[in-house]
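Take a look at the structure below.
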Amino acid sequence: MYRHVEESQTLLINTQSKLLVNQNKKNFKFGFGQSPFLPPKKVLSALEKAVHHKEYSSVQGDPELRQLMSAFHKDHNGLEVHPDNILIAPGSKILLYTILLAFEKADVFIPAPAWVSYAPQAKLIGHHIIKLSTTFEDKWRVTPKSIQEAVKFKKNNASILILNFPGNPDGLTYNEKELIDLAKISRELNILVISDEIYGLLNHNQAHLSFANYYPERTITTTGLSKWCGAGGWRLGAAFLYNNIEPEFKQALIGIGSETYSCAPSPVQMAAKTAYKSYNNIIDYLDYQIQILKQIGNYCSDRLNASQIRVHAPEGGFYLFPDFSVYSEKLKNRGINTSQKLCEQLLSDTGVALLPASAFGFEEQYLAARLAYVDFNEPEEGVPFNLNKDCPNIIEGIEKLCNWIERF
Ligand SMILES: Cc1ncc(COP(=O)(O)O)c(C=O)c1O
């Protein structure tokens with residue numbers, strides 16, 4: 022017998038959207054969260070120059086790259102992890118899987134909403150998944166109370182909590198007080214925290230706070246080039262372990278890496294060195310992206326709210342998580358009673374692609390969806406960004422979405 026594993030919903034929506042394009046139908050690609058920015062020029066040329074690096078690297082990753090990443094994150098967000106305790110891999114996704122796989126059996130606390138792949142990964146391994154409820158009013162934040170509630174469903178296994186901020190699908194982050202409170206309860210309950218901070222450098226105020234600063238003894242932080250550097254397809258992720266990591270845990274992680282992915286692509290590791298070395302260039306490059314993302318995100322959330330589609334203004338990354346509940350009666354009268362149906366109907370009526378809330382851990386009936394505001398072109402070099410000129414698809418797509426729902 023085979024395992025039942027469905028294709029990840031994010032990749033699926035991309036395929037469906039491409040199908041519309043092939044049928045010559047206009048498509049607003051708000052379903053798939055891929056950065057529209059190119060990596061910085063210096064990094065692109067570093068990759069070109071590194072193609073001859075055909076050798077495998079060590080499983081843990083190039084030592085110089087680990088050292089550079091350690092220094093960069095220490096300066097940038099106070100993460101103090103020794104290069105020996107950093108793992109580089111082909112993307113942070115496989116590192117998340119590796120960390121989960123290092124446990125024979127675990128109780129894994131996953132917030133709803135949360136990124137689409139955490140639960141399927143934990144399920145594949147056979148871990149016990151415990152959902153953490155959050156609310157729109159609480160800006161989808163995990164609270165100590167939600168953890169205390171969820172602990173009742175534990176099964177006597179090791180506890181792992183997955184946090185992700187700025188968040189996919191919500192685009193929101195945690196403030197310092199919230200992180201301190203979460204660290205306190207994690208410590209009390211002896212929880213290993215995986216803090217997925219892949220969007221950390223895209224905090225819209227450049228003020229990302231790493232969870233490990235508040236719970237250094239048992240937080241693993243994951244990050245990488247995919248989002249801030251616009252290089253998802255290059256596949257380079259990193260896990261910052263903690264400094265007193267149990268030797269058998271670290272051994273398990275390296276062992277799993279050695280028996281599965283072997284190492285991250287060597288040329289990409291070389292290019293990543295340039296990315297993390299040119300700190301000042303990075304700051305300018307990030308600032309440039311953030312100013313653009315912030316403008317677009319705020320434009321979208323204002324416009325959606327004006328049409329009674331409830332959504333929080335974004336604080337980082339490039340996602341919004343609009344809630345269509347105000348329209349639920351009207352939608353239900355037309356047979357739209359799940360987020361999946363909502364997205365299918367919207368896509369076929371308007372060409373606007375969103376990802377249903379059911380993919381992020383909600384019940385099917387909850388009428389919300391993820392909107393990735395990345396369907397725009399990076400402005401030409403030296404030309405200032407202009408929302409109207411550079412984002413015609415965003416503006417038209419959001420207008421179509423609002424007009425569509427208002428007609429119900
Ligand atoms: C929240 C979150 N975590 C992890 C990943 C995986 O990123 P990577 O490309 O490093 O595997 C993504 C990518 O979409 C993501 O959105």
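When you line the sequence shown up against our numbering, it's residues 22 to 429, in that order.
Just so it is clear, CB atoms sit at the ideal spot from N, CA and C, and this is done for glycine as well.
As the structure is a prediction and not an experimental result, all values here were calculated from the model.
1. Using a 10 Å radius around the Cβ and a threshold of 16 neighbouring Cβ atoms, would you call Ile215 buried or exposed?
2. With hydrogens ignored, establish whether the beta-carbon of Lys50 is closer than 8 Å to any heavy atom of ligand 1.
3. Is it the case that the CB of Asp217 approaches a heavy atom of ligand 1 more closely than 8 Å?
4. Considering only C-alpha positions, which residue in the set Leu59, Leu325 and Thr164 is nearest to Ile419?
5. Please state the DSSP three-state secondary structure of Thr164.
6. Would you mind reading off the limits of the alpha helix (DSSP H) that contains Val80?
7. Measuring only the C-alpha atoms, how far is Leu86 from Asp344?
8. I'd like to know whether the C-beta atoms of Ile109 and Leu222 end up nearer to each other than 9 Å.
9. Do Ser507 and Thr243 have their CB atoms nearer than 9 Å?
10. In terms of residue numbering, what span does the beta strand (DSSP E) encompassing Ala133 cover?
11. Below 7 Å CB to CB, which residues in the same chain sit around Ser299 once its five sequence neighbours on both sides are set aside?
12. Under 9 Å between the Cβ atoms of Pro60 and Leu246?
13. Just to confirm before moving on: does the CB-CB distance between Leu408 and Tyr320 stay below 9 Å?
14. Once DSSP output is grouped into helix, strand and coil, what is the label at Pro343?
15. When you compare the CB positions of Phe406 and Gln312, do they come within less than 9 Å of one another, or not?
16. Could you tell me whether the segment 279-292 touches the segment 250-259, where touching means 3 or more Cβ pairs closer than 8 Å?
17. Three or more C-beta pairs under 8 Å: does that hold for the segment 197-214 against the segment 355-374?
18. On the three-pair Cβ rule with 8 Å, is the segment 262-282 touching the segment 326-344?
19. Please find out if some non-hydrogen atom of ligand 1 comes closer than 8 Å to the beta-carbon of Leu117.
20. Within 10 angstroms of the Cβ of Thr240, are there 16 or more other Cβ atoms? Answer buried if so, exposed if not.
21. I believe Pro187 touches Arg391 by the beta-carbon criterion, under 8 Å. Please report the beta-carbon distance rounded to the nearest angstrom.
22. What does Leu213 pair with, by DSSP beta-bridge criteria?
23. From the DSSP output, in three-state form, read off Asn326 for me.
24. Could you name the residues of the same chain whose beta carbon sits closer than 7 Å to that of Leu122, not counting the 5 residues immediately before and after it, in chain order?
25. Would you kindly check if the distance between the Cβ of Ser346 and the Cβ of Glu385 is under 9 Å?
26. Sorry if obvious, but does the Cβ on Tyr309 come closer than 8 Å to a heavy atom of ligand 1?
27. State buried or exposed for Glu402, treating a residue as buried only when at least 16 other CB atoms are found within 10 Å of its CB.
28. Out of Gly99, Leu184 and Ile150, which one is the CA nearest neighbour of Lys174?
29. Can you give me the start and stop residues for the beta strand (DSSP E) that Thr295 sits inside?
30. For Asn421, collect the residues of the same chain with a Cβ closer than 6 Å to its Cβ; drop the 5 residues on either side in sequence, then sort them by chain order.
31. Under the three-state reduction of DSSP, which class applies to His148: helix, strand or coil?
32. Report, in whole angstroms, the separation of the C-beta atoms of Phe130 and Leu182, which I expect to be a contact under 8 Å.
33. Per DSSP, what kind of secondary structure is Gly52 in: helix, strand or coil?
34. For Gly99, is the classification buried or exposed, using 16 other Cβ atoms within 10 angstroms of its Cβ as the cut-off for buried?
35. Cβ of Leu274 within 9 Å of Cβ of Ile120?
36. Determine the direct distance from the alpha carbon of Ala143 to that of Glu18, and round the result to whole angstroms.
With the structure as the only source:
1. Position 194 of the sequence shown, counted from the start, is the residue given in the question as residue 215. Under this definition Ile215 is a buried residue.
2. Taking the first residue of the sequence shown as position 1, residue 50 is located at position 29. No, since every heavy atom of ligand 1 falls outside the 8 Å radius drawn around the Cβ of Lys50.
3. As a working note, residue 217 is residue 196 in the sequence shown. For Asp217, the Cβ falls inside the 8 Å cut-off from some heavy atom of ligand 1.
4. Numbered from 1 along the sequence shown, position 398 holds the residue referred to as residue 419. It is Leu325 whose Cα lies nearest to the Cα of Ile419.
5. Here residue 164 refers to the residue found at position 143 when the sequence shown is read from its first residue. DSSP, read as helix, strand or coil, puts Thr164 in coil.
6. Numbered from its first residue, the sequence shown carries residue 80 at position 59. Segment: none, Val80 is in no alpha helix (DSSP H) and carries neither H nor E.
7. Along the sequence shown, read from residue 1 onward, the residue named residue 86 stands at position 65. Along the sequence shown, read from residue 1 onward, the residue named residue 344 stands at position 323. Those two C-alpha atoms are separated by around 42 Å.
8. Taking the first residue of the sequence shown as 1, we reach residue 109 at position 88. Taking the first residue of the sequence shown as 1, we reach residue 222 at position 201. Their beta carbons are not under 9 Å apart, which means Ile109 does not touch Leu222 by this criterion.
9. No answer is possible for residue 507: the residues shown for the chain start at 22 and end at 429.
10. In the sequence shown, the residue the question calls residue 133 occupies position 112. Per DSSP, Ala133 belongs to the beta strand (DSSP E) from Ala127 to Ala133.
11. Locating residue 299 in the sequence shown gives position 278, counting from the first residue. So the qualifying residues of the chain are Lys63.
12. In the sequence shown, counting from the first residue as 1, residue 60 sits at position 39. In the sequence shown, counting from the first residue as 1, residue 246 sits at position 225. In contact: Pro60 and Leu246 (Cβ atoms closer than 9 Å).
13. If you number the sequence shown from 1, residue 408 lands on position 387. If you number the sequence shown from 1, residue 320 lands on position 299. Taking 9 Å as the Cβ cut-off, Leu408 and Tyr320 qualify as a contacting pair.
14. In the sequence shown, the residue the question calls residue 343 occupies position 322. Per DSSP, reduced to three states, the secondary structure at Pro343 is coil, with no helix or strand assignment.
15. Stepping through the sequence shown from its first residue, residue 406 is reached at position 385. Stepping through the sequence shown from its first residue, residue 312 is reached at position 291. Contact flag set, yes.
16. In short, these stretches touch, since the Cβ pair count reaches three.
17. Three or more Cβ pairs closer than 8 Å define a contact, and the segment 197-214 falls short of that threshold against the segment 355-374.
18. Result no; under three Cβ-Cβ pairs closer than 8 Å.
19. Indexing the sequence shown from 1 puts residue 117 at position 96. Yes, ligand 1 has a heavy atom inside 8 Å of this Cβ.
20. Locating residue 240 in the sequence shown gives position 219, counting from the first residue. Thr240 comes out buried.
21. Taking the first residue of the sequence shown as 1, we reach residue 187 at position 166. Taking the first residue of the sequence shown as 1, we reach residue 391 at position 370. Going by Cβ atoms, the distance from Pro187 to Arg391 rounds to 13 Å, so no, they are not a contact pair.
22. Sequence index remark: in the sequence shown, residue 213 carries index 192 (1-based). Paired residues: Ile181.
23. One-based indexing of the sequence shown puts residue 326 at position 305. Under the three-state reduction of DSSP output, Asn326 falls in the helix class.
24. Start at 1 with the first residue of the sequence shown, and residue 122 comes out as number 101. Cβ neighbours of Leu122 beyond the five flanking positions: Ile146 and Ile277.
25. The sequence position of residue 385 within the sequence shown is 364, counting from 1. The sequence position of residue 346 within the sequence shown is 325, counting from 1. No; because the gap between Cβ atoms is not below 9 Å, this pair is not in contact.
26. Translated into positions along the sequence shown, residue 309 becomes position 288. Flag unset: Cβ of Tyr309 not near ligand 1.
27. As a first step, residue 402 must be located in the sequence shown, where it is residue number 381. So Glu402 ends up on the exposed side.
28. Within the sequence shown, numbered from 1, the residue matching residue 174 stands at position 153. Checking the sequence, you will find Phe at residue 174 rather than Lys. If we check each option's Cα against that of Phe174, Ile150 comes out closest.
29. As a working mapping, residue 295 is identified with position 274 in the sequence shown. It is not in any beta strand (DSSP E) - Thr295 instead sits in the alpha helix (DSSP H) that spans Ser287 to Lys298.
30. Within the sequence shown, numbered from 1, the residue matching residue 421 stands at position 400. It is Lys, not Asn, that sits at residue 421 in the sequence shown. For Lys421, where only same-chain residues beyond five positions count, the Cβ hits under 6 Å are Thr371 and Val373.
31. Against the sequence shown, residue 148 aligns to sequence position 127. His148: coil per DSSP, three-state reduction.
32. On the sequence shown, position 109 is the one that residue 130 refers to. On the sequence shown, position 161 is the one that residue 182 refers to. Confirmed, about 4 Å.
33. What you label residue 52 is simply residue 31 of the sequence shown in a count that begins at 1. Looking at Gly52 - three-state DSSP - the assignment turns out to be coil, as it is neither helix nor strand.
34. Numbered from 1 along the sequence shown, position 78 holds the residue referred to as residue 99. Classification for Gly99: exposed.
35. By 1-based counting over the sequence shown, the position of residue 274 is 253. By 1-based counting over the sequence shown, the position of residue 120 is 99. Contact: yes.
36. A question about residue 18 goes unanswered here, because the residues of the chain that appear run from 22 up to 429.
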